[in-house]
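Numbering (the numbering used here), first residue to last: 590 to 704.
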Amino acid sequence: MPNHFHLVLRPHGDGDLVERKPLRAELVERAEDWRWSSLPDWIRGAPLLWRGEPPLRDAAWLSRVNEPLSASDLRRIRHSVERGRPFGDEPWTRQTAALLGLESSLRPRRRPRKE
590 MPNHFHLVLR PHGDGDLVER KPLRAELVER AEDWRWSSLP DWIRGAPLLW RGEPPLRDAA
650 WLSRVNEPLS ASDLRRIRHS VERGRPFGDE PWTRQTAALL GLESSLRPRR RPRKE
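Spelled out as structure tokens, the structure:
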């Protein structure tokens, strides 16, 4: 799929990236102001919104979503997108890459040096 990009996110801790997108693009002042997000419904306690078991969002979720990304997080995300590499902590990244056949995305590019 050369014209598509797929990014696998770890369900806990990195899922806020999706809800942070309109904020990062400066379309809203706070992530919960983006009306096409599930975040406003989650804040209102919409009964049809699946809450997850274990809960997908904890009490600090909203403040994390509205925090700016650090330079190192942004660098890690860009690296994951460029390499087609799952994004998360190292053990989860390795496990997910193995399950999805993406081990090559974990290795450096180029041929290994001759010994």
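Idealized CB from N, CA, C, for every residue including glycine.
Pairwise C-alpha distance: residue j and residue i
{"i": "S694", "j": "L688", "result": "13 Å"}
{"i": "R698", "j": "I632", "result": "43 Å"}
{"i": "S661", "j": "R667", "result": "10 Å"}
{"i": "R674", "j": "R613", "result": "22 Å"}
{"i": "E692", "j": "R665", "result": "17 Å"}
Burial state of residue i, where buried means 16 or more other Cβ atoms lie within 10 Å
{"i": "E618", "result": "exposed"}
{"i": "A620", "result": "buried"}
{"i": "S669", "result": "buried"}
{"i": "S659", "result": "exposed"}
{"i": "P701", "result": "exposed"}
{"i": "Q684", "result": "exposed"}
{"i": "L616", "result": "exposed"}
{"i": "G677", "result": "buried"}
Start and end residues, alpha helix (DSSP H) containing residue i
{"i": "R665", "result": "660-672"}
{"i": "W681", "result": "679-689"}
{"i": "D713", "result": "There is no way to answer for residue 713, as the model of the chain reaches only from 590 to 704."}
{"i": "W650", "result": "650-655"}
Three-state class that DSSP yields for residue i in the structure shown
{"i": "L598", "result": "A caution first: L598 carries a pLDDT of 45, below 50, which makes its placement in the model unreliable, though a value can still be read off. Of the three classes helix, strand and coil, the one that applies to L598 here is strand, per DSSP."}
{"i": "E704", "result": "coil"}
* Should the segment 647-654 be called in touch with the segment 605-612, which here means at least 3 C-beta pairs below 8 Å? -> yes
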